[in-house]
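Here the numbering used here is used: the first residue of the sequence shown is 5, the next is one more, and so on.
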Amino acid sequence: MKADAVSMTLRAIAGPTAVDRQLNDGGRLSIGRSVGCDLCLADGSVSREHATISWADGAGTVMDLRSVGGTMVNGVRIVPGQPVAIGIGDLIAIGPWILCVRLSSEHPSPVPTLDDTASRDLAIERIDRPAELAGAEQRLQLLIDCIAGFNSACDEQSLAAAAVHAALKGTSFRRAALLRGVSGGESESIEVLASLRRDPGSIDGFIFSRSLVREAMQGHTVALSSRRADVDERSIADIGIQTALCLPIHLAGAVTAVLYLDSRRGERAADPANTSYCEAVARACGLALANLKRDELERRQRVMAQELAAAREAQRMLVASDIGVCGSIRFAAKMRPGLVVAGDLYDVIPLEDGRTGVVIGDVSGRGLGSGIVMAMTQAHLHSGVEMLGDPALALTKVNRFICDRLEGGRFVSIWIGLIAPDGEVLYVDAGHGHARMIGAQGECKQLKSGGDIPLGIDPFRIYSPERCMLRAGERLVLYSDGILEQRNMSGAEFGIERLEAALRQSSNEADDAITVFAALEAFEEGAAPTDDATVVSIALNRA
């Protein structure tokens, strides 16, 4: 049975416009200033092709495409062209936007805020200079204890809980909360990461001053106080807030959360010295959050590196050599992975009757999951061809096997052919479509495709073979769509015309892959690979 696919939502917590974009399992999102990007962020600090995000199996990667302004993950600038692991709760900074990674199934409960912007009874005051601390020794000890609590926090939630606890312990406020805002658009909202009251038995609703949170999200320490003695009778007085304080929490220079405190009707007004103490708590919280995010990012990168090393080792065991002779054919191949592990596959299979099997395929999606599907498909197809000696029967059998095992809408396009010593090719094109016959004079002709669908879609599909001849002096060139769809820094695709032009410059199978990749790399102009890319060239082995 297939497990439910896990989707991710990329949501802005800061930025000039709202972002709320879902990425399904196995999907990829291009981000940049260009209108051709999946997510267009129209700002001069964002490059046309800025970054890509891939998501699969509850985790993903982000890669900076050598942008001018760079891409930050949890306050750390990532190396251009190298994928970085991301997970739930991570913060990705691109230009003025800070994007938070969430599960699409997560729907935070709406937090009530009071629109107090038009109130004449309340005054919002920006605190530009902290007041002097009263009881400095006591507050210093509280800060030491606070920092110790931050250092022992193992995740964002426990850090938030430690911050509100420290804020209440060192002040005369009665309530404290750590809030994260969702910025931009008309549906502005906040999320409570942690909250605490001095009186556990209080039944008052925790409603926040919207104007205070908005000011703090702009980077200001702000306070709210009553202008009227009869404040109980109007506006925000309905819930009895008489004083409140809101402070920004910075991560890598951007406000990612705010510390909110208030006192209400009948409670002692807060001491002015609370401001300086709370500013110190907020600053320490921001530093602890940066360290927490950095440690998590480094841990995740180590795990990903170990997993990729194991996957690449398994892949090397399955993929055929780059150049060689097998039965009646000579072959040469080159494979370049995209983000992490190749989802392309190719194989060369000797048969006892003198024929040689050649396979090229492409697993939909990118990354480690596609690499695993590739390995599974290649192993079963290799065995099926050896046992059955028929490409159509082998594909039919493998298709039934993988249909019940692929998740997240993945599928596998395959071209498989059996080449006889006399040059007859019995082949099946299962949704691949990338096969060219190169004549002795360099002319290129696309092979006929029977219109078969990729593997993993219909478990009852019966595949049918086609036939062609490979003659002396000709080459059969197979390639993946990562060749044609690779873009340069201007956003143009490599395309079939450039591929054929490169092949016409080559005269044998050994040079085909080298020539194609040389042309591809020159065309890229330094742009990062957007997908796996593979070229395989075959010629008859005749004296």
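For glycine and all other residues, C-beta sits at the position ideal for the given N, C-alpha and C.
Residue pairing by DSSP places glutamate 428 opposite Met473 in a beta bridge. For proline 341, the three-state secondary structure derived from DSSP is coil. Under a 10 Å Cβ-count criterion, glycine 19 is classified as buried, with 16 or more other Cβ atoms of the shown protein chains found around its own Cβ.
Scanning its chain for C-beta atoms nearer than 7 angstroms, with the 5 sequence neighbours on each side dropped, one finds around alanine 396 the residues Val432, Tyr467, Ser468, Pro469, in chain order. Bridge partners of glutamate 497 according to DSSP: Arg491. Counted as a single uninterrupted DSSP element, the alpha helix (DSSP H) harbouring threonine 519 occupies residues 513 to 528.
Of the residues assessed, leucine 107 falls on the exposed side of the cut-off, its CB having fewer than 16 other CB atoms within 10 angstroms.
Taking every protein chain shown into account, the CB of methionine 380 has 16 or more other CB atoms within 10 angstroms, so this residue is buried. Threonine 65 is positioned such that its CB atom lies closer than 8 angstroms to that of isoleucine 90.
Proximity to aspartate 536 across Ala286, Glu195, Met339 peaks at Met339, based on C-alpha coordinates. Remark: three or more beta-carbon pairs, one from each stretch, lie closer than 8 angstroms, so the region 500 to 517 and the region 446 to 461 are flagged as touching.
Sequence-distant Cβ neighbours of glycine 495 in its own chain, meaning closer than 8 angstroms and more than five residues away, are Ser38, Gly40, Arg52, Glu53. Note that the C-beta distance between alanine 398 and aspartate 516 is not below 8 angstroms.
Look at isoleucine 327 here: in three-state DSSP terms it is strand. If you draw a straight line from the Cα of methionine 221 to the Cα of arginine 491, it is about 38 angstroms long. A contact between stretches requires three or more CB pairs, one per stretch, nearer than 8 angstroms, and the region 57 to 64 fails this requirement with the region 512 to 532.
The alpha-carbon separation between glycine 437 and valine 352 amounts to approximately 19 angstroms. Burial state of glutamate 356 is exposed, judged by a 10 Å Cβ sphere holding fewer than 16 other Cβ atoms.
Alanine 63: member of the beta strand (DSSP E) spanning 63 to 68, first to last residue.
Taking a 10 Å sphere around the C-beta of glutamate 219, we find 16 or more other C-beta atoms and assign the residue as buried.
The bridge partners DSSP lists for lysine 452 come to none. For histidine 224, there is no enclosing beta strand (DSSP E), as DSSP marks it with neither H nor E. A Cβ-Cβ separation of about 10 angstroms leaves isoleucine 253 out of contact with alanine 294 under the 8 angstroms criterion. The closest CA to that of valine 10, considering only Ala16, Val389, Leu27, Glu501, is found on Leu27.
Here the alpha carbons of alanine 198 and alanine 292 stand approximately 16 angstroms from one another. Annotated three-state conformation of threonine 360 is strand, per DSSP. The DSSP-derived three-state label of serine 468 is coil. Here arginine 15 is actually not in contact with leucine 43; their C-beta atoms are around 12 angstroms apart, not less than 8 angstroms.
By the CB criterion at 8 angstroms, leucine 147 and tyrosine 264 fall outside the cutoff. Counted as a single uninterrupted DSSP element, the alpha helix (DSSP H) harbouring valine 168 occupies residues 160 to 173. Residue state for glutamate 478 is assigned as coil, using DSSP reduced to three classes.
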